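Asks:
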Amino acid sequence: MPLMKGTYLVSWKIINEIMGLATLDDQFARKLLVEPLQAIQEHGFQLTDEEKKIFEHSQAQDIYELSQILLDRLPSY
Numbered sequence: 008m009p010l011m012k013g014t015y016l017v018s019w020k021i022i023n024e025i026m027g028l029a030t031l032d033d034q035f036a037r038k039l040l041v042e043p044l045q046a047i048q049e050h051g052f053q054l055t056d057e058e059k060k061i062f063e064h065s066q067a068q069d070i071y072e073l074s075q076i077l078l079d080r081l082p083s084y
């Protein structure tokens, strides 16, 4: 079943919180790049299975690259 528009808005809010934390917390940022699912889970963020897969397979070298990957791969509405 596809997600409704409101669900995407909630997801983007959570992803913005994750990326905001990554810009403020170097340790979280490093873990997000190396062990993204563990980093996300440790901070209590709830993501869809699709979002988890995108984080898990991003292979980003830095937070800026991860941001671009998320913008490219996640639904934008």
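Counting in my numbering, the sequence shown runs from 8 upward without gaps.
Just so you know, even glycine gets a beta-carbon here, dropped at the ideal spot from N, CA and C.
Quick caveat: nothing in here was measured; it's all calculated off a predicted structure.
1. Based on Cα-Cα distance, which residue from Glu72, Gln66, Leu54 lies nearest to Val41?
2. Write down every uninterrupted run of the beta strand (DSSP E) in the stretch 33-64 whose length is 3 residues or greater and which is fully enclosed by it, in chain order.
3. In three-state DSSP terms, what is Ser83?
4. Give every residue of the same chain whose Cβ lies closer than 6 Å to the Cβ of Lys38, excluding the five residues on either side of it in the sequence, and list them in chain order.
5. Under the rule that 16 or more other beta-carbon atoms within 10 Å means buried, what is Pro43, buried or exposed?
6. Can you tell me whether DSSP reads Gln75 as helix, strand or coil?
Replies: From the atom records:
1. Gln66
2. none
3. coil
4. The residues are Ala46.
5. Pro43 comes out buried.
6. helix
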